[in-house]
Amino acid sequence: MLKSVTRTCTLRTLFGLLGLLIMHPAFADGPSSYDDCMLVGLRDARSQVASNYIQRSCYALYRNSEMLLPREKAYYECILQNMPGAREQFAIMRINAICERRGQL
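Heads up: the sequence shown is residues -28 to -1, 1 to 77, going by mature numbering (1 follows the signal peptide of the UniProt record, and there is no 0).
Here's what the structure looks like:
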């Protein structure tokens, strides 16, 4: 039973990340790109805090991208790739910290 639940969660996360990877090259300004980012990112969101990180990242990358430094863009992309599916507050904070390090924020 536990194995099937774990497998199901893993598959959901995999499909969510696959969707983000497919969208990744399309980081361009525009409402449909922002909406697509929100739909894919929030589909597997497990907490309000994770949802907030995803929403801020989509906004930054799709509605405010011309103002981003390369390190900020790397941070928001890292959030979108790793935050969906995160449930626990500790995991969310660790993902944020790792993305900050990778983006050198």
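Note that beta-carbon positions come from the ideal geometry of N, C-alpha and C, so glycine has one too.
Cβ separation of residue i and residue j, assumed to be a contact under 8 Å, to the nearest whole Å
i	j	result
residue 56	residue 16	4 Å
residue 75	residue 43	5 Å
Residue i, enclosing alpha helix (DSSP H) - first and last residue
i	result
residue 38	Residue 38 -> no alpha helix (DSSP H), and no H or E assigned at all.
residue 63	61 to 75
residue 43	42 to 54
Exposed unless 16 or more other CB atoms sit within 10 angstroms - verdict on residue i
i	result
residue 54	buried
residue 49	buried
Alpha carbon of residue i to alpha carbon of residue j, nearest angstrom
i	j	result
residue 51	residue 60	15 Å
residue 14	residue 46	19 Å
residue 40	residue 19	26 Å
residue 63	residue 77	19 Å
residue 10	residue 21	14 Å
residue 72	residue 24	16 Å
Segment contact flag, the stretch 60 to 72 with the stretch 31 to 38, C-beta cutoff 8 Å, min 3 pairs = no
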